[in-house]
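Numbering (full-length UniProt numbering), first residue to last: 1 to 873. Each remark here refers to the structure printed beneath this line.
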Ligand SMILES: [Fe+2]
């Protein structure tokens with residue numbers, strides 16, 4: 001129905017009725033009113049010509065406004081490679097008109113027809129760097145406000161249109177801005193709405209109603225067919241392209257429908273590139289860095305290392321990755337590595353060869369042996385790269401919820417007696433529970449169903465684990481017990497054992513090995529759940545729904561747009577190279593080919609929209625309780641919990657900014673309920689974006705301004721603060737892989753131990769740890785990948801740093817943004833102060849890396865700080 005109700009913009013270039021010559025402006029009729037218009041035209045034809053002439057005369061007598069210095073800036077792409085136009089060979093093309101523009105009034109004329117200017121050709125004025133075009137228009141004074149500009153790309157190549165600025169009657173003080181930032185396919189016609197004003201659907205000016213509907217219609221697409229690279233269509237699909245059974249039956253993977261495994265659906269045939277709407281594409285610099293590492297550097301590492309299972313013979317060999325580096329085979333492309341990823345690839349002085357040499361992470365610079373220490377192991381649960389797993393023990397004994405007939409006894413071997421012994425009897429377990437002293441990393445129920453499947457994979461092993469901590473009076477955690485479990489199978493009985501910190505050599509080494517297994521579990525959970533699932537994966541439906549249901553002139557579209565930058569593109573990149581069958585994650589993490597199934601299981605069991613809000617997440621994990629007297633309305637269970645402390649500052653700042661913005665556009669709850677686009681957006685997020693969970697009772701309703709603020713704050717927090725906390729610490733904490741190994745390749749020496757194995761362990765326990773670690777090729781691949789994923793691009797956009805053009809155009813919104821910006825600068829100083837406070841022992845102390853992951857701003861590079869607007873890496 002919709003496609004017949006509005007006028008396609010290209011028709012604006014072809015008058016639907018005789019133009020009125022000489023007026024400098026003409027009118028076309030919206031498609032919905034064309035029947036009436038045709039009737040009227042027939043009537044006009046029957047009338048004498050004087051009537052038409054009178055109309056012409058009347059328009060000719062009107063004074064006109066001159067719109068001059070219309071500045072259009074853009075960037076051309078030549079042959080698919082992003083290059084400024086001045087670098088092309090063709091001098092002629094520099095000065096040919098590239099664009100035709102038509103200005104549209106936001107009002108209709110008395111007959112209900114569109115008011116538009118004649119099409120005007122734009123000529124390039126400046127071709128250095130980005131290209132500037134200029135054109136002038138004359139429009140009648142009763143033209144009304146200019147609400148839209150229609151642009152036709154006259155070139156045979158695509159063009160990136162940055163913005164269009166209209167200066168009226170030479171007055172440069174109040175330009176009319178169209179913040180386009182969009183790719184125009186060759187010969188395509190596009191509509192851009194003025195950035196000066198945003199409109200709720202019910203307040204759309206009459207002249208823009210049809211175009212608003214038409215643009216949304218285009219963004220939704222037909223729902224069928226194969227998408228083309230230049231399209232702007234946003235639509236949903238299931239995860240059915242991760243496997244590649246056409247090339248190898250071993251690469252078949254189950255379809256993950258709404259992230260839940262569906263076994264009766266077939267994989268989609270894999271294509272060379274994954275479609276993303278054209279305007280979601282990376283900038284040149286980002287594309288080059290990622291592509292260079294994944295498509296060139298990592299294959300080069302594979303060539304250099306023939307034995308895929310070769311481990312590190314010693315810790316000295318691990319250190320060599322940071323000192324001598326790994327020689328790379330000579331390739332034509334290697335010289336470009338040094339330019340594109342200079343952190344990773346360096347030239348040797350002895351030869352022309354390149355080496356892959358890693359920068360030593362700050363935690364190793366500060367304390368080379370910190371990764372071995374219990375206090376650092378537990379500190380990282382509060383201030384490391386995965387501070388989202390630690391939770392309060394609220395009930396004891398610890399009990400599994402899995403089926404005991406399949407997985408064995410549900411009760412943990414970590415008993416009250418064991419705990420009281422480990423805490424030296426300073427209190428009973430009941431007292432510890434009462435005083436909220438016991439905390440846990442619980443990777444038991446999630447991992448146990450995968451243990452046997454993973455053990456059947458080559459060169460990998462897995463346990464389920466529970467790690468218990470006791471809270472010291474200094475607000476630091478002491479690890480007191482690790483339980484590792486292998487469930488029963490048809491071939492083997494259940495095996496499980498509790499390890500504790502020990503004062504004898506054998507016990508101390510077993511404790512060290514048990515910690516390594518837990519670090520692997522934490523590493524996998526971090527990557528597959530805290531990072532991929534909860535940020536990258538679950539935010540993408542919001543991006544799609546926003547583009548499909550909210551017009552680009554909608555104030556909430558304009559609020560949310562920067563928080564979705566590059567998310568679809570980085571996710572497409574992940575589907576191409578990271579999470580696909582035999583991709584980097586499968587090759588290097590313990591879950592192997594079951595990695596995405598673990599994500600699915602976590603989505604199924606754990607994910608709830610309402611719990612993605614930071615305060616709700618902290619309360620759910622027992623890490624905070626509501627307290628109206630406390631700052632942010634929450635009292636932390638562990639005062640010195642850096643992620644929560646700093647995260648709540650960021651959360652509250654976002655919440656205030658969103659509340660100010662929402663309050664401006666929605667004066668009453670009725671405005672929220674009556675916003676048809678907004679209501680469709682929220683319905684689609686729930687029913688299409690997260691379809692499998694659409695009937696869950698916990699979805700927030702959207703009836704009031706407070707509902708909207710909560711929903712939007714949650715989405716922005718996940719895209720910015722949550723993602724920054726789990727993304728930009730990846731190299732700083734896992735770059736020295738013994739601290740957070742991605743895979744365990746050897747079981748505990750005491751599991752079904754044979755005499756020879758025990759003897760070998762006794763003789764050289766260090767070898768058992770090295771054998772458990774990733775292979776050389778796995779370690780280097782993960783380190784290189786984490787390095788590039790932890791990198792802030794030079795074109796990074798940080799939370800609250802720069803206002804969008806549309807925000808600047810509205811004084812109330814801009815003032816609110818300025819307050820947001822000021823608050824973030826204050827937060828920067830508060831975090832700096834906390835990191836210098838010696839009483840906060842989880843972020844300040846000898847050899848400790850200060851907690852900077854939620855410091856709002858950063859320089860480019862791997863800095864371990866900075867909160868970008870969006871999930872862009
Ligand atoms: Fe990320």
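Virtual Cβ for every residue (Gly too), placed ideally from N, Cα, C. Bear in mind that the values here come from a model prediction, so they are computed numbers and not experimental data.
Residue range of the alpha helix (DSSP H) that residue 730 falls in?
Position 730 of the chain shown, counted from the first residue, corresponds to residue 730. Taken as a continuous stretch (DSSP letters only), the alpha helix (DSSP H) holding residue 730 covers 730-734.
At which residues does the beta strand (DSSP E) containing residue 624 begin and terminate?
For the purposes of this step, residue 624 is taken as residue 624 along the chain shown, with counting starting at 1. Its beta strand (DSSP E) spans residues 624-626.
May I ask you to report which of helix, strand or coil DSSP gives residue 699?
Counting from 1 along the chain shown, the entry for residue 699 is found at position 699. Correct three-state label for residue 699: coil.
Going by other Cβ atoms of all chains shown within 10 Å of its Cβ, with 16 needed for buried, is residue 852 buried or exposed?
As a position in the chain shown, residue 852 is number 852, starting the count at 1. So residue 852 ends up on the buried side.
How would you call residue 447, buried or exposed, if buried means at least 16 neighbouring beta carbons within 10 angstroms?
Stepping through the chain shown from its first residue, residue 447 is reached at position 447. Classification for residue 447: buried.
Need the endpoints of the beta strand (DSSP E) that residue 147 sits in, please.
Translated into positions along the chain shown, residue 147 becomes position 147. Where residue 147 is concerned, the enclosing beta strand (DSSP E) stretches over 146-153.
In three-state terms, what does DSSP make of residue 704?
Numbered from its first residue, the chain shown carries residue 704 at position 704. It is coil, neither helix nor strand.
Would you check if there are 3 or more beta carbon pairs closer than 8 Å linking the region 718-736 to the region 501-513?
As far as the Cβ criterion goes, the region 718-736 does not touch the region 501-513, which means the pair count is below three.
Taking a contact to mean a Cβ-Cβ separation below 8 Å, would you say residue 564 touches residue 546 in this structure?
Position 564 of the chain shown holds residue 564. Position 546 of the chain shown holds residue 546. In contact: residue 564 and residue 546 (Cβ atoms closer than 8 Å).
Only counting the same chain, and skipping five residues up and downstream in sequence, which positions put a Cβ closer than 7 Å to that of residue 730?
Locating residue 730 in the chain shown gives position 730, where the first residue counts as 1. Excluding residues within five positions, the ones whose Cβ falls inside 7 Å are 385, 786, 789 and 790.
With burial defined as no fewer than 16 other Cβ atoms inside 10 Å of the residue's Cβ, what is the status of residue 389: buried or exposed?
Against the chain shown, residue 389 aligns to sequence position 389. Under this definition residue 389 is a buried residue.
Find out if the Cβ-Cβ distance for the pair residue 594, residue 453 is shorter than 8 Å.
As a first step, residue 594 must be located in the chain shown, where it is residue number 594. As a first step, residue 453 must be located in the chain shown, where it is residue number 453. Yes, Cβ-Cβ distance for residue 594 and residue 453 is below 8 Å.
Applying the 10 Å Cβ sphere with the 16-neighbour rule, what's the burial state of residue 747?
Against the chain shown, residue 747 aligns to sequence position 747. Buried, since its Cβ has 16 or more Cβ neighbours within 10 Å.
What does the Cβ neighbour count give for residue 303, buried or exposed, with the cut at 16 atoms within 10 Å?
Along the chain shown, one-based indexing puts residue 303 at 303. Under this definition residue 303 is an exposed residue.
Since residue 485 and residue 521 are thought to touch, with beta carbons under 8 Å apart, how far apart are those beta carbons, to the nearest angstrom?
As a first step, residue 485 must be located in the chain shown, where it is residue number 485. As a first step, residue 521 must be located in the chain shown, where it is residue number 521. Contact doesn't hold; Cβ gap of about 11 Å is too wide.
Count the other CB atoms, across all protein chains shown, that sit within 10 Å of the CB of residue 86; report buried if there are 16 or more and exposed otherwise.
In the chain shown, the residue the question calls residue 86 occupies position 86. The predicted model places residue 86 with a pLDDT of 39, which falls under 50 and marks its position as unreliable; any figure quoted below should be read in that light. When all chains shown are included, residue 86 counts as exposed.
Please confirm whether residue 357 has its beta-carbon closer than 8 Å to some beta-carbon of chain C.
Chain labels in this structure do not include chain C; a single protein chain is all it has.
Which residues have their C-beta within less than 7 Å of a heavy atom of ligand 2, listed in chain order?
Ligands displayed in this structure: ligand 1; ligand 2 is not among them.
Which term fits residue 713, buried or exposed, when burial requires 16 or more other beta carbons within 10 angstroms of its beta carbon?
Residue numbering aside, residue 713 sits at position 713 when the chain shown is read from its first letter. Result: buried.
Among 512, 345, 319 and 466, which has the Cα closest to the Cα of residue 874?
The question about residue 874 has no answer, for the chain in this structure spans 1 to 873.
Taking the DSSP output, what are the residues bridged to residue 792?
On the chain shown, position 792 is the one that residue 792 refers to. Per DSSP, 861.
Does the Cβ of residue 829 have 16 or more other Cβ atoms within 10 Å, making it buried, or fewer, making it exposed?
Within the chain shown, the letter at position 829 stands for residue 829. The residue in question, residue 829, is exposed, as its Cβ has fewer than 16 Cβ neighbours within 10 Å.
Do residue 498 and residue 465 count as a contact pair if the criterion is CB distance below 8 Å?
Walking along the chain shown from the start, residue 465 turns up at place 465. Walking along the chain shown from the start, residue 498 turns up at place 498. Cβ atoms of residue 465 and residue 498: not closer than 8 Å.
Just how far apart, CA to CA, sit residue 782 and residue 588?
Along the chain shown, one-based indexing puts residue 782 at 782. Along the chain shown, one-based indexing puts residue 588 at 588. Their Cα atoms are separated by approximately 7 Å.
If you draw a straight line from the C-alpha of residue 664 to the C-alpha of residue 455, how long is it?
Here residue 664 refers to the residue found at position 664 of the chain shown. Here residue 455 refers to the residue found at position 455 of the chain shown. Going by the C-alpha atoms only, they are around 57 Å apart.
Excluding the 5 residues flanking residue 758 on each side, which residues of the same chain have their C-beta closer than 7 Å to its C-beta?
Against the chain shown, residue 758 aligns to sequence position 758. These residues qualify, in order along the chain: 749.
How many whole angstroms separate the CB atoms of residue 399 and residue 438, which I take to be in contact at a CB cut-off of 8 Å?
Start at 1 with the first residue of the chain shown, and residue 399 comes out as number 399. Start at 1 with the first residue of the chain shown, and residue 438 comes out as number 438. Residue 399 to residue 438, Cβ: 14 Å. No contact.
Let me check one thing: in DSSP terms, what residues is residue 391 bridge-paired to?
By one-based count along the chain shown, residue 391 stands at place 391. Paired residues: 440.
Mapping the DSSP letters down to three states, classify residue 502 as helix, strand or coil.
For the purposes of this step, residue 502 is identified with residue 502 of the chain shown, where counting begins at 1. Residue 502: coil per DSSP, three-state reduction.
Between residue 814 and residue 823, is the Cβ-Cβ spacing less than 8 Å?
What you label residue 814 is simply residue 814 of the chain shown in a count that begins at 1. What you label residue 823 is simply residue 823 of the chain shown in a count that begins at 1. No. Outside cutoff.
How is residue 289 classed by DSSP in three states: helix, strand or coil?
Taking the chain shown and counting its residues from 1, one reaches residue 289 at position 289. DSSP places residue 289 in helix when its eight states are reduced to three.
Distance, Cα to Cα, residue 767 vs residue 778?
Position 767 of the chain shown, counted from the first residue, corresponds to residue 767. Position 778 of the chain shown, counted from the first residue, corresponds to residue 778. Distance between the alpha carbons of residue 767 and residue 778 is about 18 Å.
Which one of 539, 482 and 578 has the shortest CA to CA distance from residue 560?
Residue mapping note: residue 560 aligns to position 560 of the chain shown, counting from 1. Cα-wise, what sits closest to residue 560 is 539.
Given that a residue counts as buried once 16 or more other Cβ atoms are within 10 Å of its Cβ, and exposed if not, what is residue 860?
Within the chain shown, residue 860 is the residue found at index 860, counting from 1. Exposed, because fewer than 16 other Cβ atoms sit within 10 Å of the Cβ of residue 860.
Is the region 185-193 touching the region 168-176, taking contact as three or more C-beta pairs under 8 Å?
In short, these stretches do not touch, since the Cβ pair count stays below three.
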